[in-house]
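**Student:**
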Amino acid sequence: MLATTRNIDLLEVLGRLLAGEQGDAFAFLSDAEPYIARGGASLRHLLAHLLTASAHRRGELAALIDDLGGTPPMRTMSAENQYFAFLSADCLLPRLIEAKRQSVARYELAIQQLADSNPRITALLTSHLDTHRRELDLLTKSQLAAK
Numbered sequence: 177m178l179a180t181t182r183n184i185d186l187l188e189v190l191g192r193l194l195a196g197e198q199g200d201a202f203a204f205l206s207d208a209e210p211y212i213a214r215g216g217a218s219l220r221h222l223l224a225h226l227l228t229a230s231a232h233r234r235g236e237l238a239a240l241i242d243d244l245g246g247t248p249p250m251r252t253m254s255a256e257n258q259y260f261a262f263l264s265a266d267c268l269l270p271r272l273i274e275a276k277r278q279s280v281a282r283y284e285l286a287i288q289q290l291a292d293s294n295p296r297i298t299a300l301l302t303s304h305l306d307t308h309r310r311e312l313d314l315l316t317k318s319q320l321a322a323k
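First residue of the sequence shown: 177, per the working numbering; consecutive thereafter.
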């Protein structure tokens with residue numbers, strides 16, 4: 177489908193969501209895996225789940241943008257996140273919690289901006305938001321358990 181004037185705003189909002197997913201801390205968790213292995217098993221499992229879920233959301237957003245006739249944005253390297261591989265779990269968890277809060281805020285804004293859009297798109301974004309909220313809860317519980 178070719179991009180039309182009507183879905184340009186939609187593509188911009190989805191592009192911002194994808195760029196946020198690509199540039200946040202979770203996109204760099206794979207680089208941190210050797211160092212996270214020193215953490216407890218429950219933390220390793222949680223972070224592995226978050227890594228997989230993040231990749232899945234990025235794929236769904238990119239496919240949706242492509243289906244709408246847009247071009248998904250390229251992944252950018254965040255100077256802040258490029259050294260995640262060297263952080264201990266104690267330093268990593270607060271950063272991941274903050275990144276997850278930012279993701280929740282991005283999705284809430286996008287859903288508001290696209291309230292009148294295609295129900296399929298709204299459903300996908302709401303599903304992503306629900307997942308982000310559950311993951312935020314899991315990260316917060318994990319941080320509390322580590323103290």
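The C-beta atom is built at its ideal place from N, Cα and C for all residues, glycine as well.
Mark Glu311 as exposed unless 16 or more other C-beta atoms lie within 10 angstroms of its C-beta, in which case mark it buried.
**Tutor:** Buried.
**Student:** Taking the alpha-carbon positions, what's the Gly235 to Leu222 distance?
**Tutor:** About 20 Å.
**Student:** Between which two residues does the alpha helix (DSSP H) carrying Thr316 extend?
**Tutor:** Start and end: Pro295 to Ala322.
**Student:** Between Leu296 and Ile287, what straight-line distance do the alpha-carbon atoms span, to the nearest angstrom?
**Tutor:** Checking the sequence shown, residue 296 turns out to be Arg, not Leu. Cα-Cα distance, rounded: 12 Å.
**Student:** Classify Ala275 as helix, strand or coil using the three-state DSSP reduction.
**Tutor:** It is helical.
**Student:** For Glu188 and Phe204, I'd like the C-alpha separation in whole angstroms.
**Tutor:** Taking the straight line joining both Cα atoms gives about 24 Å.
**Student:** Starting from Asp242, follow the alpha helix (DSSP H) in both directions and report where the run begins and ends.
**Tutor:** Asp242 -> alpha helix (DSSP H) spans Ala217 to Asp243.
**Student:** Go ahead and pull the three-state DSSP assignment for Gly199.
**Tutor:** Looking at Gly199 - three-state DSSP - the assignment turns out to be helix.
**Student:** If the criterion is Cβ atoms closer than 7 Å, does the pair Glu197 and Arg233 meet it?
**Tutor:** Yes. Within cutoff.
**Student:** Assuming Ser318 contacts Leu219 under a Cβ cut-off of 8 Å, what Cβ separation, rounded to an integer in Å, is found between them?
**Tutor:** Contact holds; Cβ gap of about 6 Å.
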